[in-house]
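In UniProt numbering, the protein residues as written are 1 to 245.
C-beta: ideal position from N, C-alpha, C; glycine also.
Notes follow once the structure below has been shown.
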Amino acid sequence: MGTRCNQRKSEIKAIAPNLRTFRCGNCGTRKFSFKDLHHLDHACFTFETKYFQDDGYVHRATSFVEALCPYIQSLTLKKSAVEAVFGSPTVLENASLQFRNLKYLELTACLSRNCVMAIMHLLKLSPNIKTLNLVISEEASNWTNMANYGNLWISKECLLQHRRFVKILGVMGSDNEIMHLELLLKNSVVLEEVIVSSGDKFLPRMLVDFFKKVMAIPRASSQRFPIRFSYPPSTISEYYRSFLN
Numbered sequence: 001m002g003t004r005c006n007q008r009k010s011e012i013k014a015i016a017p018n019l020r021t022f023r024c025g026n027c028g029t030r031k032f033s034f035k036d037l038h039h040l041d042h043a044c045f046t047f048e049t050k051y052f053q054d055d056g057y058v059h060r061a062t063s064f065v066e067a068l069c070p071y072i073q074s075l076t077l078k079k080s081a082v083e084a085v086f087g088s089p090t091v092l093e094n095a096s097l098q099f100r101n102l103k104y105l106e107l108t109a110c111l112s113r114n115c116v117m118a119i120m121h122l123l124k125l126s127p128n129i130k131t132l133n134l135v136i137s138e139e140a141s142n143w144t145n146m147a148n149y150g151n152l153w154i155s156k157e158c159l160l161q162h163r164r165f166v167k168i169l170g171v172m173g174s175d176n177e178i179m180h181l182e183l184l185l186k187n188s189v190v191l192e193e194v195i196v197s198s199g200d201k202f203l204p205r206m207l208v209d210f211f212k213k214v215m216a217i218p219r220a221s222s223q224r225f226p227i228r229f230s231y232p233p234s235t236i237s238e239y240y241r242s243f244l245n
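Have a look at this one:
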C-alpha cells in the first residue's frame, strides 16, 4: 500500500485480511484505521520531521502506530519515526501499548539522548524481539556522552533478555557505540550472535582499539557466542598502509 498524503483531514480505512507487508511514508498527515490485519508480517513507515511541532501530526502518527502494533512481527523504523513517536509523551504514558508479536526490529537512529531514550522505550514495549538491527546514522555532532544518561542504561526495565541476534551497522568507533554494545552484551542472556559493521568513515587508527574494547566487555550469556566484525575494504587497506608510512 502506498500513498502521498497531502490532505490532513482525510482518513484512510483499510480492511485487509490478506495484507502481509505495509509501507507508508509521512504517515502523520492522515488518520488511518485498520481492521483484520491478522496476516500482516512486516511494516515500514516514516514521518516528516518538519511537522513534529504540530500536535495533531504527532497524535495521528501515534494513533497509526497503536493501530498496527498488535499485528506486526517485523518492523523497520527510520530515525524520524523512532524519536517522534516512541519519544512522545502520548506513547510514554500509554501503558497498554505493546508489540507482543514483534520478533524482528530494524532501526535507523543516531545515539543522541532523545533517540536513545526512544529506543529503550520501544525495546521495553517489545518483550519478544529476537533480532535487532541498528543502523547508526552519521549525525554524530548531536551525540551526548552516554555516561551522562544515568540510570537509563542500567534500568531493569530495559533488559534485553530475549534478543538472540544483534547487528549494528555504520559504527564509527565512538564511546557511545561502545556503551551501547556494553548494554547489549551485559543484559542479553540468550544472545547467540552479534555482528558489528563499520561505516566508511571509521578511522583506521581506531580499528584495533575499538575491537579490543568490544571483546573486553563482559557477557551475560553463559555461551561464548561469536562477535563478528565487518569493515569496508578501504578501511582495512588504509589501516595496513599506515604501518608502511
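Beta strand (DSSP E) segment containing residue i, residue limits
| i | result |
| --- | --- |
| ASN114 | Note, ASN114: premise wrong, no beta strand (DSSP E); alpha helix (DSSP H) at 113-125. |
| GLU182 | Run containing GLU182: none in the beta strand (DSSP E); it sits in the alpha helix (DSSP H), 175-187. |
| LYS167 | 165-171 |
| PHE229 | 227-230 |
| SER96 | Note, SER96: premise wrong, no beta strand (DSSP E); not H, not E. |
CB of residue i within 9 angstroms of CB of residue j, strictly
| i | j | result |
| --- | --- | --- |
| ILE227 | ILE195 | yes |
| ARG164 | THR131 | yes |
| VAL166 | ASN187 | no |
| PHE211 | PHE229 | yes |
| PHE64 | CYS27 | yes |
| HIS42 | LEU75 | yes |
| SER80 | LEU105 | no |
| SER137 | VAL171 | no |
| LEU183 | LEU191 | no |
| ALA16 | ASP36 | yes |
| PHE32 | ARG60 | yes |
| LEU123 | GLY173 | no |
| ARG23 | CYS44 | yes |
DSSP three-state assignment for residue i, whether helix, strand or coil
| i | result |
| --- | --- |
| THR46 | coil |
| SER137 | coil |
| VAL190 | coil |
| ILE154 | Confidence in ILE154 is poor, its pLDDT being 44 and thus under 50, which makes the residue's placement too unreliable to answer from. |
| ASN142 | Reliability fails at ASN142, whose pLDDT of 47 lies under 50, so the model's placement of it is uncertain and no value is given. |
| ILE129 | coil |
| GLY2 | Bear in mind that a pLDDT of 44 at GLY2, under 50, signals an unreliable position, so the number given afterwards is only what the model happens to contain. Correct three-state label for GLY2: coil. |
Range covered by the alpha helix (DSSP H) that runs through residue i
| i | result |
| --- | --- |
| LEU207 | 207-215 |
For residue i, the residue or residues it bridges with in DSSP
| i | result |
| --- | --- |
| ALA109 | ILE136 |
| SER80 | In DSSP, SER80 forms no bridge with anything. |
| VAL196 | ILE168 and PHE229 |
Heavy atom of the ligand MG within 8 angstroms of residue i beta-carbon
| i | result |
| --- | --- |
| GLU83 | Absence of the ligand MG is noted for the structure shown, with no ligands found whatsoever. |
- Query: In chain order, which beta strand (DSSP E) runs of at least 3 residues are fully inside the stretch 11-72?
  - Reply: 11-15, 21-24, 31-35 and 42-45
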